[in-house]
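As structure tokens, the structure follows; a few thoughts come after it.
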Ligand code: ADP
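In full-length UniProt numbering, the protein residues as written are 214 to 471.
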């Protein structure tokens with residue numbers, strides 16, 4: 214076999230071009246592999262509810278006509294599973310589309326946090342959502358209001374869902390010369406160290422069975438991370454199992470793009 218490696222002097226122009234080309238190929242390869250992994254994970258996630266529905270359709274076909282209990286239960290479960298599939302597909306579409314979102318108007322995030330809190334208080338009436346308003350209300354971030362609402366809705370609803378009822382969740386803000394920081398603190402079940410870095414991965418769930426019953430797909434935080442990164446921000450979590458978690462979202466201030 215011939216050795217096809219071309220030796221080059223990294224300092225000349227051809228050397229630089231080869232470097233650029235090699236790094237482009239590496240990026241392409243890794244993005245292709247990520248896509249393949251995504252398709253594999255997505256298919257696996259969709260298979261589970263389809264198998265459940267398939268099983269119940271078979272039951273209905275055999276017994277459903279004669280047995281009202283089977284009819285009721287199988288229809289109920291099938292509907293729930295189909296709904297879950299719908300949510301999953303919507304979320305996957307969101308992830309696929311998200312990468313192209315360019316529109317980033319300034320949004321006053323405090324206003325939108327208030328709206329989301331109202332919405333979640335109706336869904337979880339026993340939860341206590343404490344909102345510590347900033348001294349000055351101008352908290353403008355370059356992000357669409359939809360994207361921001363989706364981020365805060367996901368983080369807050371996780372904080373409530375992964376807490377024993379009645380949940381106590383606290384939202385607070387900080388403004389530095391360069392950034393706006395949003396903190397969401399809960400006193401819930403927390404996340405063990407071996408899971409904490411993985412929770413932003415697509416389809417990752419600490420306890421897949423329990424979470425599935427709570428209606429979770431494991432996509433929420435990966436969507437949150439993508440939306441925040443599209444707005445040039447970042448998200449981190451500090452957590453202790455059994456004690457609770459604090460999610461910190463950092464958004465650069467408006468003049469970042471000037
Ligand atoms: P899901 O739809 O499963 O909630 P997410 O992507 O939103 O998906 O979250 C991924 C996993 O991270 C969850 O399944 C859960 O195990 C863990 N998690 C997220 N938020 C919290 C939280 N506030 N407290 C404890 N665990 C959490």
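Each residue gets a CB set at the ideal place from its N, CA and C atoms; glycine is no exception.
Neighbour-count burial assignment, residue i, 16 or more Cβ in a 10 Å radius
i: residue 225; result: exposed
i: residue 229; result: exposed
i: residue 434; result: buried
i: residue 399; result: buried
i: residue 340; result: buried
i: residue 423; result: exposed
i: residue 402; result: buried
i: residue 279; result: exposed
i: residue 333; result: buried
Cβ-Cβ distance between residue i and residue j below 7 Å
i: residue 273; j: residue 287; result: yes
i: residue 367; j: residue 437; result: yes
i: residue 282; j: residue 276; result: no
i: residue 450; j: residue 392; result: no
i: residue 353; j: residue 430; result: no
i: residue 364; j: residue 317; result: no
i: residue 372; j: residue 409; result: no
i: residue 326; j: residue 358; result: no
i: residue 347; j: residue 375; result: no
Distance, residue j Cα to residue i Cα
i: residue 447; j: residue 380; result: 26 Å
i: residue 388; j: residue 323; result: 12 Å
i: residue 432; j: residue 227; result: 43 Å
i: residue 497; j: residue 439; result: Only positions 214 to 471 of the chain appear in this structure, which leaves residue 497 out of reach.
i: residue 248; j: residue 267; result: 28 Å
i: residue 370; j: residue 269; result: 30 Å
i: residue 261; j: residue 299; result: 13 Å
i: residue 417; j: residue 253; result: 13 Å
i: residue 293; j: residue 427; result: 12 Å
Counting only runs of 4+ residues fully inside the stretch 367–421, write out the alpha helix (DSSP H) ranges in chain order. As far as the stretch 367–421 is concerned, its whole alpha helix (DSSP H) runs of at least 4 residues are 406–409.
What alpha helix (DSSP H) runs, 4 residues minimum, are completely inside the stretch 274–335? Fully enclosed alpha helix (DSSP H) runs of 4 or longer: 281–311.
Whole runs of the alpha helix (DSSP H) within the stretch 227–283, excluding any shorter than 4 residues: Scanning the stretch 227–283 for uninterrupted alpha helix (DSSP H) segments of 4 residues or longer gives nothing; none is fully contained.
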